[in-house]
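One structure below.
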Amino acid sequence: MKNSISEQSFYIESEEEDDEHLEKHENEEEGNESDFSNEDNNDDETNRPNSLTSAWPQSYRQSMDLYSNVPSPSLHFLGTPSLSRLGSSFFGSSLIRRHTPEVLPSLHKPLILPAEEEKAPHRRSSHGLIPPLHPRKSSIKKIPDIERPSKDAHGLPISNQSTYGQAVVNGMNVLCGVGLLSTPYAVKEGGWAGLSILFIFGILSFYTGMLLRYCLDSQPGLETYPDIGQAAFGTMGRIVISIILYVELYASCVEYIILEGDNLSAIFPNAHLSLGGFELDARHLFVVIAALAILPTVWLRDLSVLSYISVGGVIASILVVLCLYWAGLVDHVGFESKGTVLNLPTLPVAIGLYGFCYSGHAVFPNIYTSLADRSQFPAVLLTSFVVVTLLYGGTAVLGYLMFGDSTESQFTLNLPKGLIASKVAVWTTVVNPFTKYALTLSPVAMSLEELLPPKHAKSHVYPILIRTALTISTSLVGLAVPFFGLMLALTGSLLTMLVTLILPCVCFLRILKGKISHLQVTICVLIITIGTASALIGSYSALSNIIQSMA
1 MKNSISEQSF
11 YIESEEEDDE
21 HLEKHENEEE
31 GNESDFSNED
41 NNDDETNRPN
51 SLTSAWPQSY
61 RQSMDLYSNV
71 PSPSLHFLGT
81 PSLSRLGSSF
91 FGSSLIRRHT
101 PEVLPSLHKP
111 LILPAEEEKA
121 PHRRSSHGLI
131 PPLHPRKSSI
141 KKIPDIERPS
151 KDAHGLPISN
161 QSTYGQAVVN
171 GMNVLCGVGL
181 LSTPYAVKEG
191 GWAGLSILFI
201 FGILSFYTGM
211 LLRYCLDSQP
221 GLETYPDIGQ
231 AAFGTMGRIV
241 ISIILYVELY
251 ASCVEYIILE
261 GDNLSAIFPN
271 AHLSLGGFEL
281 DARHLFVVIA
291 ALAILPTVWL
301 RDLSVLSYIS
311 VGGVIASILV
321 VLCLYWAGLV
331 DHVGFESKGT
341 VLNLPTLPVA
351 IGLYGFCYSG
361 HAVFPNIYTS
371 LADRSQFPAV
381 LLTSFVVVTL
391 LYGGTAVLGY
401 LMFGDSTESQ
411 FTLNLPKGLI
421 ASKVAVWTTV
431 VNPFTKYALT
441 LSPVAMSLEE
451 LLPPKHAKSH
461 VYPILIRTAL
471 TISTSLVGLA
481 VPFFGLMLAL
491 TGSLLTMLVT
501 LILPCVCFLR
511 ILKGKISHLQ
521 VTICVLIITI
531 GTASALIGSY
541 SALSNIIQSM
551 A
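Following the UniProt record's numbering, the residues of the sequence shown are numbered contiguously, the last one being 551.
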């Protein structure tokens with residue numbers, strides 16, 4: 001790239017009249033701001049398609065911040081923006097468009113620092129990994145202070161300063177997902193010795209999470225995972241990494257659909273529907289019902305209500321685990337099987353399942369940049385990983401001890417139906433995806449809405465159609481491939497290995513080439529090798545098992 005990442009802006013490319021408005025402000029301040037007087041001729045280069053001003057996706061930070069912040073709730077549907085005045089709006093008064101002359105409301109400042117701020121010491125890693133960054137002059141127009149975002153689209157102050165405790169909860173909420181339900185099944189597939197893979201992946205994932213932090217610190221203004229991709233490999237790197245992240249989110253939505261069908265059909269096994277010779281069994285029926293119930297939530301333009309509720313995902317996960325412990329230790333369920341030490345034939349499936357447990361790296365940059373004190377990020381990450389790993393490990397051990405070789409892909413399906421603890425666990429598992437599905441699908445939908453032609457940019461119909469189509473497609477995939485454990489293993493092997501292990505190391509080596517030690521290079525190469533081998537072996541095994549199960 002001719003222009004570096006540090007010389008880019010997160011301002012969305014505006015129409016001609018907005019450019020003229022900015023030029024007017026520049027002319028007024030030209031006498032006092034001589035540093036920018038010779039920069040105006042570079043506007044065409046700054047606004048080139050390969051710059052952050054127009055590079056897709058622009059909505060990533062905004063949509064992923066739903067995971068790292070809990071805004072004040074407000075509720076309105078696509079097409080009814082007037083209701084947003086009842087409370088703070090996360091999405092603002094309109095969806096992100098390519099030609100809207102506004103700044104992403106989730107950002108406090110443009111990607112490039114003004115000349116006055118560049119004179120201040122640059123942000124450094126608390127571990128001394130990154131050498132001092134040399135100030136460089138901006139080649140972008142000076143943006144008047146009156147146009148810098150201090151309030152959201154509804155005039156409310158923008159707050160993006162998380163405390164240590166909030167960041168830990170957000171980190172745990174991201175890491176502690178549906179993979180928790182499959183950890184006993186992973187022990188069954190890999191054996192007791194295979195459980196060590198969980199802890200190995202936990203250590204490696206913590207390290208690569210720190211690498212993302214170093215990448216963000218390497219240049220001023222990097223905020224998200226796609227930004228890191230662009231800093232490393234240009235616009236193509238940004239696009240490729242974004243697509244991988246969006247596919248991973250889409251796969252998670254498919255998992256939610258399968259999860260709903262499996263657990264609801266376990267509660268109501270005799271449910272069915274017959275319409276003119278066309279019959280739906282319990283699982284297919286509940287997949288359809290779940291999709292219809294979820295659909296209105298994906299039409300919400302402001303998902304802050306669901307974001308607020310979804311923080312209870314940590315509580316829900318802990319509650320489900322407590323129910324498992326209660327069933328085993330109080331109600332004396334299971335504990336009859338000693339299990340297998342090592343199960344080599346199905347160990348690759350376990351690799352994918354354990355890998356999926358640490359699929360939170362897409363949000364770590366957002367958590368880091370939202371911290372009031374960014375030096376706390378290592379402690380935040382370490383606390384989140386330790387707590388979640390202990391939760392995963394305890395669930396895996398207890399679940400496999402209770403159910404042995406009969407362990408299902410979700411341990412909730414093994415719990416005796418007559419116990420109160422079983423009912424609480426199953427219903428908690430059923431309700432939780434209803435709050436998370438729309439939040440997970442929203443980044444994918446918003447990225448597609450950015451690609452709408454300008455003439456449809458302000459339409460409320462097309463966003464609804466896109467989100468409806470995505471929901472229907474995830475339901476169809478869930479119906480066609482109804483194998484929760486194998487789909488989880490495939491996602492963990494193929495996508496999570498890329499996002500969690502491989503890409504952070506590759507980007508770190510690329511961005512900080514020549515500034516890191518030989519030991520760091522060796523560690524990164526080792527992690528890339530482990531991630532690549534796990535991805536190839538796990539993906540092949542999961543795909544083979546899916547094909548055999550469908551035959």
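Where a beta carbon is used, it is the ideal one built from N, C-alpha and C, also for glycine. All of these numbers come straight from a predicted model, not from anything done at the bench.
{"query": "For residue 215 and residue 204, believed in contact at Cβ under 8 Å, the rounded distance", "result": "With a Cβ gap of about 16 Å, residue 204 and residue 215 do not count as contacting."}
{"query": "As assigned by DSSP and simplified to three states, the class of residue 544", "result": "helix"}
{"query": "Extent of the continuous beta strand (DSSP E) to which residue 274 belongs", "result": "273–275"}
{"query": "Residue 465, buried or exposed, once every other Cβ within 10 Å from all chains shown has been counted against 16", "result": "exposed"}
{"query": "Pairwise C-alpha distance: residue 246 and residue 451", "result": "15 Å"}
{"query": "As assigned by DSSP and simplified to three states, the class of residue 162", "result": "strand"}
{"query": "Range of the contiguous beta strand (DSSP E) that encloses residue 189", "result": "No beta strand (DSSP E) contains residue 189, which is instead part of the alpha helix (DSSP H) from 183–194."}
{"query": "Proximity of residue 254 and residue 487 at Cβ, strictly below 8 Å", "result": "yes"}
{"query": "Touching by the beta-carbon criterion (3+ pairs, under 8 Å), the region 524–542 and the region 459–478", "result": "no"}
{"query": "Among 384, 383, 179, nearest to residue 259 - alpha-carbon criterion", "result": "179"}
{"query": "Buried versus exposed call for residue 431 [16 or more other C-beta atoms within 10 Å across all chains shown]", "result": "exposed"}
{"query": "Chain-order list of residues whose beta-carbon lies under 6 Å from that of residue 502 (same chain, five-residue window excluded)", "result": "528, 531"}
{"query": "Residue from 59, 171, 161 whose Cα sits closest to the Cα of residue 363", "result": "171"}
{"query": "The region 175–192 touching the region 397–411, judged by at least three CB pairs closer than 8 Å", "result": "yes"}
{"query": "Residue 159 burial status per 10 Å Cβ neighbour count (16 or more: buried)", "result": "Because the pLDDT at residue 159 is just 43, under 50, the model does not fix this residue reliably, and the value given afterwards should be weighed accordingly. Exposed, since its Cβ has fewer than 16 Cβ neighbours within 10 Å."}
{"query": "Proximity test, residue 517 beta-carbon vs the ligand ATP heavy atom, cut-off 7 Å", "result": "Absent from the structure shown: the ligand ATP. Ligands present: none."}
{"query": "C-beta contact flag for residue 167 and residue 294 at 8 Å", "result": "no"}
{"query": "Backbone secondary structure at residue 143 - three-state DSSP", "result": "Residue confidence is low: residue 143 scores 35 on pLDDT, short of 50, so the model does not pin down where it sits. Its coordinate-derived value is still stated next. DSSP places residue 143 in coil when its eight states are reduced to three."}
{"query": "Bridge partners - residue 279, DSSP secondary structure assignment", "result": "274"}
{"query": "Cα-Cα separation between residue 446 and residue 332, rounded to whole angstroms", "result": "48 Å"}
{"query": "Boundaries (first-last residue) of the alpha helix (DSSP H) holding residue 552", "result": "Nothing in the structure corresponds to residue 552, since the chain is present only between 1 and 551."}
{"query": "Residues that DSSP places opposite residue 415 in a beta bridge", "result": "BP columns for residue 415 are empty, so no partner."}
{"query": "C-beta atoms of residue 60 and residue 197 nearer than 8 Å", "result": "no"}
{"query": "Alpha-carbon to alpha-carbon, residue 422 and residue 287", "result": "21 Å"}
{"query": "Three-state class that DSSP yields for residue 452 in the structure shown", "result": "coil"}
{"query": "Pairwise C-alpha distance: residue 459 and residue 392", "result": "44 Å"}
{"query": "Nearest to residue 339 (by Cα), restricted to the options 188, 374, 357", "result": "188"}
{"query": "Between the CA atoms of residue 511 and residue 237 - distance to the nearest angstrom", "result": "12 Å"}
{"query": "Same chain, Cβ closer than 8 Å to residue 272, neighbours up to 5 away in sequence not counted", "result": "279, 280, 281, 282, 285"}
{"query": "Where residue 300 falls: helix, strand or coil (DSSP)", "result": "strand"}
{"query": "Contacting residues, own chain, Cβ-Cβ under 6 Å from residue 518 (five flanking each side not counted)", "result": "none"}
{"query": "Alpha-carbon spacing of residue 547 relative to residue 344, whole angstroms", "result": "20 Å"}
{"query": "Contact belief for residue 228 with residue 212 at Cβ below 8 Å, rounded distance in angstroms", "result": "7 Å"}
{"query": "Length of the line joining the Cα atoms of residue 325 and residue 385", "result": "21 Å"}
{"query": "Inter-residue Cα distance where the pair is residue 251 and residue 524", "result": "27 Å"}
{"query": "Rounded straight-line distance, which links the Cα of residue 241 to that of residue 454", "result": "25 Å"}
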